[in-house]
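Plus 27 on top of the position in the sequence shown (first one is 1) and you've got the numbering used here.
C-beta atoms are modelled at their ideal positions from N, C-alpha and C, and glycine is treated no differently.
The structure appears below as C-alpha cells.
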Amino acid sequence: MRLFSDVHGGIEPLRKLSRAGGPVLILGDLINLIDYRSWSGILPDVCGVEFVREMSDLRIAGRMAELKNRWDDLRSGREEELDAAFGAAYQDAYTAIGSALKGLEGYVTFGNVDRVDLLRECLPDGLVFVSAGTVEVDGYKVGIVGGGTRRTGAPGELVEGEMKQRLAVLGPVDILCTHVPPLVPALATDVVAGSGKGSAAVLDYIEEHQPGYHYFGDVHQPRATTWDVGRTRCHNVGFFRATGRTVDHEPR
C-alpha cells in the first residue's frame, strides 16, 4: 500500500502517480486553502493575500480571539458574496482533484481543510471515502479516521470529543491512519509555521491499543517524521503537494 497526505491541489504530482503500484491511502487535505510558501490558494484568491498574511501572523502569535474578530469584520455585510465565492472555488478545486485521481484505487479520508460533501462527490470509481472505520488492505486491518483538530473553524476540524468517539468505533487495528498526528511534540510541531496540531485522542488510542503502525499527515515541516510510542511506529507520510512522493508500507 502507498500512503500520502496533504495533496493541497497538487494536480500534476497526482497525475504522475503510477496506476499500477498497488492501493493508495490518501489521508486528507486534498484542496489548497493556503500554501504559506507561495501565499496561493482558495483563501488568498477570495480574501486577498494581505488579509491572509495578517491572519497568519495572528494565528502564529496565538491571538485567536483577534483572528476571529478580524474574520468577522471581513464577513460583515458580505456574507452571501463570500459564501458564494468560497463555494465556487471549492467546487472548482474538487473537480480538478477528481479528474487527477482517475485510475487510482484505494481509500480516501478528509483533513481539516476538506469539505466532506464535495470530497465524496469528486472521487472517481476505484476510490472509496472513509470518514471513520476499518478496511482490509494487503491483509492488514486498517483503521481510518479523518478530520483535524479544532483551531480556526475550517470545515474538516473536529473537537477532541468527536475524534475520541470516531476512534472508539475502530477497536484494535494493525495499522491506524489519521489526518492529524498524535499529541507528541516532535510529530505535532511545524518548525516553519511554529504551530502544533496534535490530537490527545489519537495519542490515547495509540497508547491503549498499540497498533503496529500509525500513518498521518497535517504537519508539513515536522521536527521528526517518525517516532515510536510504545510498540507503535508513528510516521508522517509527507506534504504531497511539495514532494510528490508516497510512502510505501514496509513491515518492520
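Cβ separation of residue i and residue j, assumed to be a contact under 8 Å, to the nearest whole Å
| i | j | result |
| --- | --- | --- |
| L146 | L57 | 6 Å |
| H236 | P199 | 5 Å |
| R178 | E184 | 6 Å |
| V172 | R193 | 5 Å |
| E38 | A115 | Before going further, note that residue 38 is Ile rather than Glu in the sequence given. Not a contact, Cβ separation roughly 18 Å. |
In DSSP terms, what residue i is bridged to
| i | result |
| --- | --- |
| R29 | V51 and D275 |
| S67 | D62 |
| I202 | V169 and Y240 |
| C261 | H241 and W254 |
| D217 | P249 |
| E184 | G175 |
| Y134 | L52 and V155 |
| P209 | S226 |
Reference residue i; option with closest CA among the options
| i | options | result |
| --- | --- | --- |
| V41 | N96, E187 and G271 | First, the residue type needs correcting, since residue 41 is Leu and not Val in the sequence shown. Nearest option by C-alpha distance: G271. |
| A181 | L128, L60, A112 and G133 | L60 |
| G175 | G153, C149 and G244 | G244 |
| E106 | A269, V73 and V264 | V73 |
| A251 | A111, T259, G239 and A213 | A213 |
| K168 | V157, Q192 and D201 | D201 |
| P249 | R260, G239 and V264 | V264 |
| H35 | H276, T273, A269 and P278 | A269 |
| G166 | S32, P278 and L44 | P278 |
| E234 | V219, W254 and T259 | T259 |
| L131 | F31, G257, Y232 and V256 | F31 |
| I69 | D110, P209 and A88 | D110 |
| L44 | T253, A228 and K129 | K129 |
Simplified DSSP state of residue i, which is helix, strand or coil
| i | result |
| --- | --- |
| V164 | strand |
| T179 | coil |
| S83 | helix |
| G36 | coil |
| S126 | helix |
Under 8 Å between C-beta atoms of residue i and residue j
| i | j | result |
| --- | --- | --- |
| T136 | H247 | no |
| G133 | V51 | yes |
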